[in-house]
Amino acid sequence: MEGRSEELAGLLPMLRGFARRALGADPAGEDLVQDALLAASEGLGGFRGAARLGTWVVGILSHKIVDHLRRRNRWREVSSDAGDEPGLLDAPSRGNPEQQLARREALRVIESALATLPERERLAVLLVDVHASDHDEACHALSVSATHLRVLLHRGRHRLRRKLEDADL
Numbered sequence: 000m001e002g003r004s005e006e007l008a009g010l011l012p013m014l015r016g017f018a019r020r021a022l023g024a025d026p027a028g029e030d031l032v033q034d035a036l037l038a039a040s041e042g043l044g045g046f047r048g049a050a051r052l053g054t055w056v057v058g059i060l061s062h063k064i065v066d067h068l069r070r071r072n073r074w075r076e077v078s079s080d081a082g083d084e085p086g087l088l089d090a091p092s093r094g095n096p097e098q099q100l101a102r103r104e105a106l107r108v109i110e111s112a113l114a115t116l117p118e119r120e121r122l123a124v125l126l127v128d129v130h131a132s133d134h135d136e137a138c139h140a141l142s143v144s145a146t147h148l149r150v151l152l153h154r155g156r157h158r159l160r161r162k163l164e165d166a167d168l
């Protein structure tokens with residue numbers, strides 16, 4: 000059990016990144032990550048190992064994010080804060096300064112386009128295309144059937160492609 004607790008702690012950077020990509024600059028992301036880790040540590044006894052531990056915890060986090068978005072949309076407060084939070088694929092840049100600048104701009108456009116997707120489509124695209132979860136894991140994390148996941152991915156990728164084409168990427 001202690002080994003699992005250490006494994007959970009090792010998932011923290013990945014979970015923070017997932018929450019940041021799903022929620023943008025929303026400060027609730029860190030709270031949701033902590034809530035997901037707490038729920039996972041309390042539920043470790045029920046973890047059957049049908050999926051990887053990381054996938055299981057991302058599933059818990061994605062449910063918490065969806066619940067948060069539903070609550071937030073119910074009580075929406077319009078804010079103009081764009082935030083300077085680090086974003087999608089925050090790996091250190093490589094190459095010359097021009098390449099770094101072009102990469103940063105492309106990532107900014109991609110991140111902005113992802114933020115415009117409906118929440119379920121955005122989560123599906125993030126799970127499968129960014130986090131490289133397989134379809135079974137993504138279905139489990141989102142509590143959807145394989146058919147519905149394919150629909151979410153198709154729609155999300157289509158919308159994303161249109162946004163990126165409009166931005167000349």
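At the far end of the sequence shown sits residue 168, using numbering that gives the first Met the number 0, and the numbering has no gaps. Backbone N, C-alpha and C define an ideal beta-carbon position, used for all residues, glycine too.
Can you tell me whether DSSP reads residue i as helix, strand or coil?
i    : result
A35  : helix
G2   : helix
H157 : helix
A123 : helix
A24  : coil
G42  : coil
P117 : coil
D133 : coil
V108 : helix
G58  : helix
L148 : helix
G241 : This structure cannot settle anything about residue 241, because the visible part of the chain is limited to 0 through 168.
R71  : helix
A166 : coil
L7   : helix
G53  : helix
V65  : helix
L100 : helix
Assuming residue i contacts residue j (C-beta within less than 8 Å), just tell me the rounded distance between them.
i    : j    : result
A18  : L31  : 6 Å
L151 : R119 : 6 Å
L122 : S61  : 5 Å
H130 : V57  : 7 Å
L43  : R3   : 5 Å
By Cβ distance, which residues of its chain are closer than 6 Å to residue i, with the 5 residues on each side in sequence left out?
i    : result
L22  : G28
L116 : G155 and R158
Which residues in the same chain have their Cβ closer than 7 Å to the Cβ of residue i, if we skip the five residues on either side of it in sequence?
i    : result
I59  : A35, A38 and A39
A50  : E136 and H139
E6   : L52
A145 : H134 and C138
With a CB to CB cut of under 8 Å and the five nearest residues on each side skipped, what residues in its chain are close to residue i?
i    : result
T54  : S132, E136, H139 and A140
E163 : Here residue 163 is Leu; the residue named in the question, Glu, does not match the sequence. Counting only Cβ-Cβ distances below 8 Å, and skipping sequence neighbours, we find V108, I109 and A112.
D167 : none
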